[in-house]
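Just so you know, the sequence shown maps onto residues 1 to 139 in full-length UniProt numbering. Here's the structure we're looking at; comments come further down.
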Amino acid sequence: MGIELPSFFWCAVTALSLYTGAFVCEVVRAGMNTVPVGQAEAARSVGLNYAQVMGTVILPQAFKAIMPPLSSLAIALLKNTTIAAGFSVAEAGSIPAAMAERGENQMATLVWISVGFLILITPLALAQRWAERKVSVPT
């Protein structure tokens, strides 16, 4: 038909950007709602403009609520990127079938894939835990 579709890479980038962007927007919105309205009103009453209110009053306080779910979204994006890459190589259902035809040990391969995920995700989770402790308010 003469219609060229964009490469899989750009389709995956677009899909993951839209999918993750929606979650990030919701996390930021929810984090900003944790700051009491009186904080912004007080900042405006002393003469701060909108950008100053957001940059010096709202966002620094909201960051404490935004950081944990945002870190979880980063880990989820890593996992989703791997899934998208898997679809570009072969259909996910055909990989185990192809391995079985060649007589390869499917379980060992899946274990090594799991170990790879652990190697990638554990440092992210540890960094998330450290950052949460760093910004948390003592009770």
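Positions of the beta carbon are idealized from the N, C-alpha and C atoms, including for glycine.
How should residue i be labelled, buried or exposed, when 16 other C-beta atoms within 10 angstroms of its C-beta is the threshold for buried?
i          : result
residue 92 : Low local confidence applies: a pLDDT of 48 at residue 92 is under 50, so the model's placement there is unreliable, and no value is given.
residue 31 : buried
Whose C-alpha, out of the options, is nearest the C-alpha of residue i?
i          : options            : result
residue 74 : 124, 136, 131, 14  : 124
residue 82 : 60, 44, 14, 113    : 113
residue 12 : 129, 46, 86, 132   : 86
residue 7  : 45, 84, 36         : 84
residue 69 : 135, 128, 136, 133 : 128
residue 37 : 126, 104, 9, 61    : 61
For the putative contact between residue i and residue j, defined by C-beta atoms under 8 Å, what is the C-beta separation to the nearest angstrom?
i           : j          : result
residue 131 : residue 71 : 7 Å
Segment contact flag, the stretch 23-41 with the stretch 61-77, C-beta cutoff 8 Å, min 3 pairs: yes
With three or more beta-carbon pairs closer than 8 Å as the criterion, would you say the stretch 15-22 touches the stretch 77-85? yes
Taking three-plus beta-carbon pairs below 8 Å as touching, is the stretch 39-55 in contact with the stretch 103-123? no
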